[in-house]
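Working notes, structure below.
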Amino acid sequence: MSTLFSSLPELTSLVLTGNEFTGSIPPGFGSVSLIDLELGSNNFNSTIPEDLFNSPTLKRLLLSENDFTGSISSNIGKLTKLTNFNVSYNTMTGSIPREFYTIDSLAKIGFSNNSFTGPILNEFTSVKLRDVKLQYNDFTGTIPSLFGSSERLNSLLLQGNSFTGSVPDEICAKVGSNMILQIQVLTADCDEINCTCCTTCYPLPIGNGSTIV
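Residue numbers (the numbering used here): 18 to 230.
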């Protein structure tokens, strides 16, 4: 990927999804006026560069379906305007830094199909969460009840982890209710946790024809 892009100070949107870029994201994006950076479905195989977290205007950071490694830096908390963060389908590890939970603009979160570990803290400050994809990692602990406080939550995907306990009542109250803003998709490993309100339980029955989310 050329360093030309990161040397354009007025650049606000860069969408390079679905190419065959390899290597690392070049340095310098932290000094441009990026709002939207979409690099999904490529072959990047490095860590996420630290200077990317110095982009105060960044709202969308989409890096799914690559081979990014390493953990998420605590400096992600500097992205105070971030609404959409997706690193699904990579080979990332580590826990979700506490600073991530302080971003109160978050609406869409994609961590699925990595090797993230540790608990999901009950400390989200954003009430704007709409889509939360945590499936197929190594997350542990209980499911945060704060997800039920989100005013717009539409989907919450939890299967393929090591969660314990039950899906909180605060979440179940918004599934299949008569509310206009309700949870449409809630998935979990119902053999491992108690979920009386899941729209889909995993593992799926053999031969039911369902598609893994």
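Glycine is no exception: its CB is placed at the ideal position from the N, C-alpha and C atoms.
In this text the structure is predicted, and so the values were computed from the model without any measurement.
Opening and closing residue of the beta strand (DSSP E) in which residue i lies
i    : result
D84  : It is not in any beta strand (DSSP E) - D84 carries neither H nor E in the DSSP assignment.
C218 : T217 to Y219
E187 : Taken as a continuous stretch (DSSP letters only), E187 belongs to no beta strand (DSSP E), being part of the alpha helix (DSSP H) at D186 to C189.
T204 : V202 to D206
E55  : D53 to E55
V32  : S30 to V32
S172 : S172 to L174
Whole-angstrom C-beta distance between residue j and residue i, which should lie under 8 Å
i    : j    : result
L170 : L151 : L170 to L151, Cβ: 13 Å. No contact.
N36  : N59  : 5 Å
S183 : I200 : In fact, because the Cβ distance is near 16 Å, the residues do not count as touching under 8 Å.
T1   : S50  : Only positions 18 to 230 of the chain appear in the structure, and residue 1 is not among them; the question remains open.
S63  : S88  : 13 Å between Cβ atoms; not a contact.
L179 : F156 : Note on identity: in this sequence residue 179 is Ser, with Leu being the wrong assignment. The Cβ separation is near 7 Å, so the contact holds.
L123 : N103 : The Cβ separation is near 11 Å, so there is no contact.
Where the alpha helix (DSSP H) through residue i begins and ends
i   : result
E67 : Run containing E67: none; DSSP gives neither H nor E here.
Euclidean distance between Cα positions of residue i and residue j
i    : j    : result
T228 : K76  : Because T228 sits at a pLDDT of 43, beneath the cut-off of 50, its placement in the model cannot be relied upon, and the point is left open.
F133 : G111 : 5 Å
P161 : E140 : 8 Å
F70  : D148 : 22 Å
G94  : E67  : 12 Å
T100 : P136 : 22 Å
E168 : I188 : 11 Å
G45  : I65  : 13 Å
F128 : G47  : 23 Å
G113 : E55  : Before going further, note that residue 113 is Ile rather than Gly in the sequence given. Each residue's alpha carbon lies about 21 Å from the other.
P11  : T213 : It is not possible to answer for residue 11, since the shown part of the chain is limited to 18 through 230.
G177 : N107 : 15 Å
M240 : N131 : An answer regarding residue 240 cannot be provided, because it is not within the stretch 18 to 230 covered by the chain.
I159 : P26  : Residue 159 is actually Thr in this sequence, not Ile. Roughly 44 Å separates the two Cα atoms.
L96  : K145 : 16 Å
L163 : S72  : 28 Å
F32  : T86  : The displayed chain sequence assigns Val, not Phe, to residue 32. In a straight line, the C-alpha of V32 is about 21 Å away from that of T86.
C218 : K191 : 17 Å
Contact test: residue i Cβ vs the ligand SAM heavy atom, cutoff 8 Å
i    : result
F141 : Among the ligands in the structure shown, none appear at all, so the ligand SAM cannot be discussed.
Next item on the list: Taking only runs that begin and end inside the region 68 to 155, name each unbroken beta strand (DSSP E) of 3 or more residues, in chain order.
Entry: 77 to 79, 101 to 103, 125 to 127, 132 to 136 and 148 to 150
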